[in-house]
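**Q** Let me begin by handing over the structure; questions about it come next.
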Amino acid sequence: IVFIGTAAEEFDKLGIADTGDWRHIVFGLTLGATLLISFDALFNAKARWRQLRSAAGMLENVLYLYRTRVGLFEVDPLNADSRQPEVELCQALKKWRSDLVAGGDLQLSALKKDHPDTIYFHEQTPKARRPRAEKGEATATTSEDSSPVSAPHRGSAAVAGPGGNGRAVGG
């Protein structure tokens, strides 16, 4: 903008161009830049992105620690049946969520947005609220325990051995 304004003045001094048109162009560019800066400040997208990206990294860290069972999530060697890692994970997730919400300026994000029930197709809602289940449409898994193999056929899958005989294994 400064370059165009300076060039317009120089062109006017040299008699090459009329500065009236250039002044309108400079004003328009200045107005456009002001609007862009205002919208950026209003939506604060960069700061919100940094906040969400940082929170995603922290969540990833918590999940890796849980999956590898290190740190807070170590399994007690004296009590292998302990649910302590799961309890610690629950507490860590609650702390992560409270830290995320406390970070502020997330009111424009979809973090707590209520979505219509029609978008949930992957067994995320009770069967009474599932639109596909109500219509009788087939879903990816139909058994209660979400297994793709029906209950009577479990354990009797045919296995092709080296001879390719396809014997039934199991009962």
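With the UniProt record's numbering, letter number 41 in the sequence shown gets 41, and the count goes up by one each step, no holes. A virtual CB, placed ideally from N, CA and C, is assigned to each residue, including glycine.
1) So, using beta-carbon positions, are residue 85 and residue 64 closer together than 9 Å?
2) Answer yes or no: do residue 89 and residue 48 have a C-beta to C-beta separation smaller than 9 Å?
3) Check whether the segment 49-59 and the segment 22-31 are in contact - that is, three or more C-beta pairs closer than 8 Å.
4) For the candidate residues 30, 32, 95, 113, whose alpha-carbon lies nearest to that of residue 62?
5) At what residues does the alpha helix (DSSP H) containing residue 172 begin and finish?
6) Work out the CA separation of residue 91 and residue 70 for me, nearest whole Å.
7) Grab the span of the alpha helix (DSSP H) containing residue 93 for me, first residue to last.
**A** Taking the coordinates as given:
1) Numbered from 1 along the sequence shown, position 85 holds the residue referred to as residue 85. Numbered from 1 along the sequence shown, position 64 holds the residue referred to as residue 64. For residue 85 and residue 64, no; Cβs fall outside 9 Å.
2) In the sequence shown, residue 89 corresponds to position 89, counting from 1. In the sequence shown, residue 48 corresponds to position 48, counting from 1. The answer is no: Cβ separation not under 9 Å.
3) The segment 22-31 and the segment 49-59 do not touch, with fewer than three beta-carbon pairs separated by less than 8 Å.
4) Reading the sequence shown from its first residue, position 62 is the one you call residue 62. Out of 30, 32, 95, 113, 95 has the C-alpha closest to the C-alpha of residue 62.
5) The first residue shown for the chain is 1 and the last is 171, placing residue 172 beyond what the model contains.
6) Within the sequence shown, residue 70 is the residue found at index 70, counting from 1. Within the sequence shown, residue 91 is the residue found at index 91, counting from 1. Between residue 70 and residue 91, the alpha-carbon positions lie close to 15 Å from each other.
7) As a position in the sequence shown, residue 93 is number 93, starting the count at 1. Residues 84-102.
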